[in-house]
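Just remember that the numbering used here sits 14 ahead of the position in the sequence shown, which is counted from 1. Built from N, CA and C at the ideal position, the CB exists for glycine as well. Remember, predicted model here, so these are calculated numbers, not experimental data.
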Amino acid sequence: MSVALAEAHNAASRGEVPIGAVLAKDGTIVASAGNRTRELKDPTAHAEILVIREACQILDNERLTGCDLYVTLEPCTMCAAAISFARIRRLYYGAQDIKGGGVENGARFYAQPTCLHIPEVYSGFKETEAEVLLKEFFRHKRL
Ligand SMILES: [Zn+2]
Numbered sequence: 015m016s017v018a019l020a021e022a023h024n025a026a027s028r029g030e031v032p033i034g035a036v037l038a039k040d041g042t043i044v045a046s047a048g049n050r051t052r053e054l055k056d057p058t059a060h061a062e063i064l065v066i067r068e069a070c071q072i073l074d075n076e077r078l079t080g081c082d083l084y085v086t087l088e089p090c091t092m093c094a095a096a097i098s099f100a101r102i103r104r105l106y107y108g109a110q111d112i113k114g115g116g117v118e119n120g121a122r123f124y125a126q127p128t129c130l131h132i133p134e135v136y137s138g139f140k141e142t143e144a145e146v147l148l149k150e151f152f153r154h155k156r157l
């Protein structure tokens, strides 16, 4: 989660929304990324999607069975779905996203009968750091 937070800081310094993600297998980092939606002009370039894409290329597989994803903020519905499609084993996230989250808020993707793979979900990791980073970022944006 420290690496995910570092990626979130890097994203902020690029003017992106400060969210970072890390994909690990057997305790080893396979891929890490921060949001790049502005840089890539791609609304799907969320940190989670970028690490899933990269890890699938590195592991040469469209499924990430046995892999764990760490992300600083509760994933949105799109990312929650991608995590399910990738067959990720465990999802660890930092802060809750009451407005945009899709795991424990909003659409609650994993609670839907149409969701075929449900990862184990653990939340609250380095929650305060992730929240402060986001609040600072949006406060500066408004100034
Ligand atoms: Zn997302």
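C-alpha distance - residue i paired with residue j, whole-angstrom precision
| i | j | result |
| --- | --- | --- |
| residue 34 | residue 151 | 14 angstroms |
| residue 133 | residue 63 | 16 angstroms |
| residue 46 | residue 37 | 6 angstroms |
| residue 93 | residue 75 | 18 angstroms |
Which of helix, strand or coil DSSP assigns to residue i
| i | result |
| --- | --- |
| residue 43 | strand |
| residue 104 | strand |
| residue 31 | coil |
| residue 134 | strand |
| residue 129 | coil |
| residue 85 | strand |
| residue 117 | coil |
| residue 64 | helix |
| residue 144 | helix |
| residue 59 | coil |
DSSP bridge partner residues for residue i (one or two, in chain order)
| i | result |
| --- | --- |
| residue 93 | Looking at the DSSP assignment, residue 93 forms no beta bridge with any residue, so it has no partner. |
| residue 10 | Since the first residue of the chain shown is 15 and the last is 157, residue 10 is not available in this structure. |
| residue 26 | According to DSSP, which records beta bridges pairwise, residue 26 is partnered with nothing at all. |
Check: residue i C-beta below 7 angstroms from any heavy atom of ligand 2
| i | result |
| --- | --- |
| residue 149 | As for ligand 2, it is missing from this structure, which binds only ligand 1. |
* Contact set, ligand 1 heavy atom to C-beta under 6 angstroms -> 60, 62, 89, 90, 92 and 93
* Asked: Does the region 81-90 come within contact of the region 50-57, defined as at least 3 CB pairs closer than 8 angstroms?
  -> no
* Using 8 angstroms as the threshold, is the region 113-121 in touch with the region 142-151, meaning 3 or more CB pairs across them? -> no
* Asked: So does the region 58-75 actually touch the region 87-104, counting three or more Cβ pairs closer than 8 angstroms?
  -> yes
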